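What follows is one structure encoded as structure tokens, with my remarks underneath.
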């Protein structure tokens with residue numbers, strides 16, 4: 002190779018590295034969730050900290066309207082949405098009533114390669130059960146705490162979680178550099194699972210589809226399928242608050258809302274493929290005073306012709 | 002040209018293509034609207050799907066607080082905001098009470114080169130009337146449905162609209178590749194238009210400026226201008242709910258809120274250049290129990306000196 | 002240098018300039034705040050205008066849920082969050098009850114190099130006091146007004162502030178090109194400052210930590226430190242609404258919420274390092290009917306052992 006050819010080839014390599022080095026370090030999405038609400042500046046402070054770490058980050062939200070202190074709701078919302086974000090996405094979830102106690106701050110890596118930055122208080126219960134845990138690290142606050150925030154003990158979302166999540170999403174640190182392995186099990190919330198007995202499925206109401214008042218159960222399609230349901234089949238549905246019967250009706254299993262008249266009830270598989278009940282163009286939960294939580298039981302029995 | 006000159010020129014062209022190919026495929030904004038609210042993970046699931054299509058997309062929102070099932074409100078909000086986004090912007094609007102019925106899923110291209118991805122249920126009524134329709138395509142769900150979402154029939158916002166909108170905004174598909182032409186008219190909502198009779202203009206209250214309680218009418222500046230209004234002119238305003246007179250007052254036409262004392266009424270042109278009435282620093286709609294909808298009539302008569 | 006070497010060097014320089022010119026013009030974040038709420042299209046119209054100026058802008062929010070017309074709340078939220086955004090960030094704050102009056106439209110540059118685009122109505126009172134003013138410019142609306150918006154007099158947030166903020170954040174104009182220097186003082190809101198008398202600190206309640214009902218005061222850590230507080234020390238706290246005693250209790254000063262039992266009161270330094278009072282896992286403000294504003298006084302006296 003001539004001298005000048007060597008010179009140009011070197012320059013081209015330099016250019017290529019400069020140009021595509023950026024792409025090689027491509028950011029992953031950073032997705033926030035909290036119970037902070039949107040009325041004050043708390044969410045903005047977290048995003049500002051993340052943006053200060055790397056102004057190329059793609060920053061999004063799950064929701065910030067988790068009911069204050071409701072760790073279960075946080076766990077449910079993560080589980081509802083994470084599947085729809087790509088591998089590598091970093092979720093920062095801050096429902097943290099125990100801020101300032103000795104609960105750990107962790108990053109969970111799921112089997113499908115997503116990251117969950119959160120206090121270890123049960124928020125990742127459903128992610129762990131449904132996606133599987135690859136590894137869990139304790140955040141080393143001596144390295145991953147916003148400079149100058151040492152006197153603040155009540156806003157780890159800003160000072161620790163947003164900061165660590167941004168470093169991880171931007172590639173500034175690797176997952177292993179978050180801190181040491183968690184040497185015990187993560188904290189998990191207790192919750193009931195659905196059961197089947199012949200042509201009867203029983204479950205709970207883990208959450209409401211709050212905007213429309215549809216009632217979601219924890220009975221998965223897979224279990225429900227064992228009843229060989231076909232669209233149009235009738236089911237006897239009972240809803241109980243503890244032992245009190247709150248709703249009892251024969252309801253058709255259909256594909257979607259428009260398959261029944263306005264105002265009529267329908268049994269369907271919701272967007273998470275769990276058995277659900279609704280009124281077409283109306284609010285089931287409000288109409289029948291149904292709420293969610295471990296006290297609420299849902300029973301559906303297939304009516305044989 | 003020498004051999005080495007050819008070699009380097011080739012390399013430079015490769016580099017240029019790699020570097021600027023990205024820019025040539027520049028994304029257009031993807032702007033979401035829905036009646037989902039912000040309390041759960043539905044909006045995040047849609048954005049995650051879009052981000053999975055192309056992590057360089059610029060994703061924004063109109064609002065997600067459309068009153069559930071209120072297609073008219075969705076139509077109004079699109080019309081209120083689209084003008085302020087650039088040509089090429091892709092709007093995804095999901096107010097979809099008929100999900101799962103045989104309503105079509107469409108993409109409308111407006112005369113000014115914006116795209117509206119939506120169920121064909123009237124949501125684009127005002128866009129069609131005010132911007133004009135260039136072309137309408139039916140979404141071919143056999144090609145443009147999120148992989149693995151086939152068992153879900155209740156969340157086309159996530160499985161079809163966000164996915165198709167993202168492909169279109171990113172340039173992964175062209176408008177023509179969305180699917181076949183819609184061979185009939187789009188569904189349109191009925192709505193009343195304003196009228197003028199000499200020095201009297203009559204209209205309806207299509208929507209409230211809800212945050213402040215200002216009352217917006219459908220009477221456009223162009224029609225109002227035929228009354229030769231000058232700032233300071235007095236108008237007799239009447240507001241009716243069906244036939245019941247709810248408000249009657251002589252009100253000055255002014256340029257802006259600060260032209261009258263705090264608490265005083267004013268007639269003005271709102272940010273969409275429609276005739277509107279308000280109380281300075283106060284809430285007109287609450288004070289006088291005025292709401293919006295086809296039953297509400299607004300009459301303004303110019304008082305000649 | 003040979004002819005061909007010159008040719009390639011020239012081409013390489015062209016490439017380098019094209020590639021890295023972009024980076025040299027790196028955008029600063031554009032962060033919006035308003036009292037518009039999120040129910041309609043107003044925020045989206047502002048962002049659309051900004052995106053139309055430069056589709057590479059990084060657009061974020063403080064909050065849009067400022068109480069309508071509440072300039073003080075707007076001032077507080079800016080002050081709460083600005084510190085967590087980088088130098089160069091452009092804030093656009095639109096709490097503008099005086100739109101259309103002769104109040105000026107300004108851009109304030111703070112000593113730490115951030116920009117605040119806002120009506121001159123007191124919104125930057127706390128930023129000016131805490132960060133210091135570097136310079137203030139009046140927006141020259143003859144140059145910095147959205148084309149075609151001249152007939153609109155009620156939405157400067159969209160037509161002037163978003164547009165000017167976007168030009169500034171994108172580097173399309175310099176700060177000096179915003180317009181002439183403001184030759185008078187900016188408008189400032191009156192507010193009370195905290196005082197100390199021996200082992201007693203007195204302040205007001207400038208705002209509630211609204212999502213959780215924690216009560217924040219304006220007493221800074223620096224002043225409180227003069228009482229030599231140690232974690233576990235007891236303080237007699239009194240809260241007054243004008244002269245009426247609303248709350249009186251001995252409360253421990255602790256590091257964080259988890260240091261007291263659920264439901265118990267605690268005195269702590271909040272995320273802004275101001276003295277605050279709360280109930281662990283409960284809502285102090287609701288429990289004791291405490292609100293914020295200049296009528297509310299907070300007194301804490303250290304109890305000597």
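Residue numbers (this note's numbering), protein chains in the order written: chain A, 2 to 306; chain B, 2 to 306; chain C, 2 to 306. Where a beta carbon is used, it is the ideal one built from N, C-alpha and C, also for glycine. Every value quoted in this text rests on a predicted model; they were computed, and no experiment measured them.
Asked                                                                                                                                            : Found
Status (buried if at least 16 other CB within 10 Å, exposed otherwise) for residue 143/A                                                         : exposed
Residue span of the alpha helix (DSSP H) that contains residue 128/C, given as start and end                                                     : 126-132
Chain B contact for residue 39/C (CB, 8 angstroms cutoff)                                                                                        : yes
Closer than 8 angstroms to chain B by CB, residue 271/A                                                                                          : yes
Any C-beta of chain C under 8 angstroms from that of residue 102/A                                                                               : yes
Residue 37/A (DSSP reduced to helix, strand or coil)                                                                                             : coil
Under the three-state DSSP convention, the category residue 176/B falls into                                                                     : coil
Range of the contiguous alpha helix (DSSP H) that encloses residue 51/B                                                                          : 43-54
Counted within 10 angstroms of its Cβ, other Cβ atoms place residue 218/A as buried (16 or more) or exposed                                      : buried
Start-to-end residues for the beta strand (DSSP E) that takes in residue 119/C                                                                   : 116-120
Chain-order list of residues whose beta-carbon lies under 8 angstroms from that of residue 290/C (same chain, five-residue window excluded)      : 247
Neighbour-count burial assignment, residue 232/A, 16 or more Cβ in a 10 Å radius                                                                 : exposed
Close Cβ partners of residue 235/A (< 6 angstroms) along its chain, the five nearest in sequence each way excluded                               : 251, 253 and 304
Residue 258/C - DSSP class collapsed to helix/strand/coil                                                                                        : helix
Straight-line gap, residue 139/A to residue 107/A (C-alpha atoms, nearest Å)                                                                     : 4 angstroms
Residue 90/B burial status per 10 Å Cβ neighbour count (16 or more: buried)                                                                      : buried
Chain B contacts from the region 68-99 of chain A (Cβ-Cβ distance under 7 angstroms)                                                             : 78, 81, 82, 85, 86 and 87
For residue 242/B, three-class secondary structure by DSSP                                                                                       : strand
Of the residues 132/B, 50/B and 130/B, the one placed nearest residue 93/B, counting alpha carbons only                                          : 50/B
Residue nearest to residue 59/C in terms of C-alpha spacing, selected from 179/C, 256/C, 86/C and 189/C                                          : 86/C
Collapsed DSSP secondary structure at residue 160/B in the structure displayed                                                                   : helix
Contacts around residue 198/B, its chain only, beta-carbon distance under 7 angstroms, and the 5 residues preceding and following it disregarded : none
Cross-chain neighbours of residue 153/B in chain A, by beta carbon under 9 angstroms                                                             : 270, 271, 272, 273 and 274
Partners in chain B for residue 62/C, counting only beta-carbon separations shorter than 9 angstroms                                             : The contacting residues do not exist; residue 62/C stays about 11 angstroms from chain B at best.
Neighbour flag for residue 227/A against chain B, beta carbons, 8 angstroms                                                                      : no
Positions along the region 43-57 of chain B whose CB lies within less than 7 angstroms of some CB in chain A                                     : 45, 46, 48, 49, 50, 52, 53 and 56
Any C-beta of chain C under 8 angstroms from that of residue 259/B                                                                               : yes
Exposure label - residue 207/C; buried when at least 16 CB within 10 Å                                                                           : buried
For residue 188/B, the nearest candidate out of 76/B, 47/B and 113/B (CA to CA)                                                                  : 76/B
Neighbourhood of residue 164/A by C-beta distance below 8 angstroms, restricted to the same chain and skipping five residues each side           : 50, 51, 54, 145, 146 and 147
Cβ contact check for the region 39-48 of chain B and the region 171-185 of chain A: 3 or more pairs under 8 angstroms                            : no
Those residues which DSSP pairs with residue 221/C across a bridge                                                                               : 275/C
Straight-line Cα distance separating residue 172/A from residue 56/B                                                                             : 16 angstroms
Beta-bridge partners of residue 232/A, as assigned by DSSP                                                                                       : Answer is none; residue 232/A lacks a bridge partner.
Contact set between residue 318/B and chain A, taken where Cβ atoms lie within less than 7 angstroms                                             : Absent from the structure is residue 318/B, since the part of chain B shown begins at 2 and ends at 306.
Assigned secondary structure, residue 84/B (DSSP; H/G/I helix, E/B strand, else coil)                                                            : helix
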